[in-house]
Amino acid sequence: MNATKSASCSPTTVSESASTISPLALRHAIRSGKHRGTTTGYASGYLQGNLAILPASHADEFLKFCVKNPKSCPLIGMSEPGSPYIPELGTDLDIRTDLPGYRVFRGTIDFESVSDLTAVWRDDLVTFVLGCSFSFEAAITRSGVPLRHMDANRNVPMYVTNIATTPAGRFHGPLVVSMRSFKPSDAIRAILYSDRYRLAHGAPVHIGDPTSIGISDLMKPDFGDEPVVNEGDIPVFWACGVTPQMAIRNVLPDLAITHEPGLMLVTDVLAEAAEFSLQTKTA
Numbered sequence: 019m020n021a022t023k024s025a026s027c028s029p030t031t032v033s034e035s036a037s038t039i040s041p042l043a044l045r046h047a048i049r050s051g052k053h054r055g056t057t058t059g060y061a062s063g064y065l066q067g068n069l070a071i072l073p074a075s076h077a078d079e080f081l082k083f084c085v086k087n088p089k090s091c092p093l094i095g096m097s098e099p100g101s102p103y104i105p106e107l108g109t110d111l112d113i114r115t116d117l118p119g120y121r122v123f124r125g126t127i128d129f130e131s132v133s134d135l136t137a138v139w140r141d142d143l144v145t146f147v148l149g150c151s152f153s154f155e156a157a158i159t160r161s162g163v164p165l166r167h168m169d170a171n172r173n174v175p176m177y178v179t180n181i182a183t184t185p186a187g188r189f190h191g192p193l194v195v196s197m198r199s200f201k202p203s204d205a206i207r208a209i210l211y212s213d214r215y216r217l218a219h220g221a222p223v224h225i226g227d228p229t230s231i232g233i234s235d236l237m238k239p240d241f242g243d244e245p246v247v248n249e250g251d252i253p254v255f256w257a258c259g260v261t262p263q264m265a266i267r268n269v270l271p272d273l274a275i276t277h278e279p280g281l282m283l284v285t286d287v288l289a290e291a292a293e294f295s296l297q298t299k300t301a
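Here the sequence shown is numbered in our numbering, starting from 19 and rising by one per residue.
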């Protein structure tokens, strides 16, 4: 499968019980195979994370890539080489089993989709967890602003843009964005709410005409599901944690692992307090 195609996993219907499930209970449901869909709308209020796993020989360069591109790659956790655990992100959290889907790259742009990394895990792998825009969606919906993809039980649409990231060593590539459409008054509110969540990409990077950032057809995303856009809606674009997948394709180590777009790691960290709490734990 080509790395620019959409994730094949179908979203699971998001209900009120899904939004109130604890992160630990959701991770256990994922680990046991009971949940395999998108995590948007689940464990409302908790920080979700994108995943990038690389050999230790590439870790320093990728860390620099994150530092140089904090909007698309807000680093919220990093493991020791070979460890599948990042204790500051959650109790009983196992990187190998606790995401609904993974992409495994073995030196080419093609990938294998798997639901468990146990069989491919190595003692030189370093895990990077990057903040996700799903984390601010609860704040937007609490304010009364609807999110069309959630109402339609869809994964958020994501697009590869013509905006270049800042290179770091061998890592470089285009910015990937996620899109949510709103009526104009709601778009303003969504922008203001998202800006409070700097570890979840913060404020948007673009508003309006998608062609100006290289998106030729809004209805054909590179990742995720087809968007729901109502008449009069304004498309709003946020930096997306799928961006590292594009950079990894330009490096192609012998083994690299990412999440399936929209299928995230749900942490025990409250999104509203993430900047303070994560700094405190790592100080």
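Just so it is clear, CB atoms sit at the ideal spot from N, CA and C, and this is done for glycine as well.
The segment 155–172 makes no contact with the segment 182–193: fewer than 3 CB pairs, one atom from each, lie closer than 8 angstroms.
C-alpha of Phe200 to C-alpha of Tyr177: approximately 17 angstroms in a straight line. In its chain, beyond the 5 residues on either side, Ala70, Met96 have a beta carbon closer than 6 angstroms to the beta carbon of Phe146.
Using a 10 angstroms sphere on the CB of Arg45, the tally of other CB atoms reaches 16 or more, which defines it as buried. In the DSSP assignment, Leu42 falls within the alpha helix (DSSP H) that extends over 41–49.
About 6 angstroms separates the CB atoms of Ile48 and Asp116; that is less than 8 angstroms, so the two are in contact.
Per the C-alpha coordinates, the member of Pro279, Ala182, Val260 positioned closest to Pro92 is Val260.
Burial check for Thr136: the Cβ neighbour count within 10 Å stays below 16, so the residue is exposed. Per DSSP, the continuous alpha helix (DSSP H) segment holding Ala77 begins and ends at 74–86. Under the three-state reduction of DSSP, Ile127 is assigned to coil, being neither helix nor strand. Between Val247 and Pro222 the beta-carbon gap is near 16 angstroms, outside 8 angstroms, which marks them as no contact. Here DSSP, grouped into helix, strand and coil, assigns Asp286 to strand. A distance below 6 angstroms between beta-carbons, with the five flanking residues on each side excluded, links Ala205 to the following residues of its chain, in chain order: Ile252, Val254. Here Leu65 carries a strand assignment [DSSP, helix/strand/coil]. For Thr159, the enclosing alpha helix (DSSP H) stretches over residues 152–160. DSSP links Tyr120 through a beta bridge to Val132, His277. Taking all protein chains shown into account, Glu278 has 16 or more neighbouring C-beta atoms within 10 Å of its C-beta and is therefore buried. Taking one beta carbon from each stretch, the segment 163–174 and the segment 231–246 have 3 or more pairs nearer than 8 angstroms; the two touch. Beta-carbon to beta-carbon, His219 and Ala257 are separated by about 5 angstroms, close enough to satisfy the 8 angstroms threshold.
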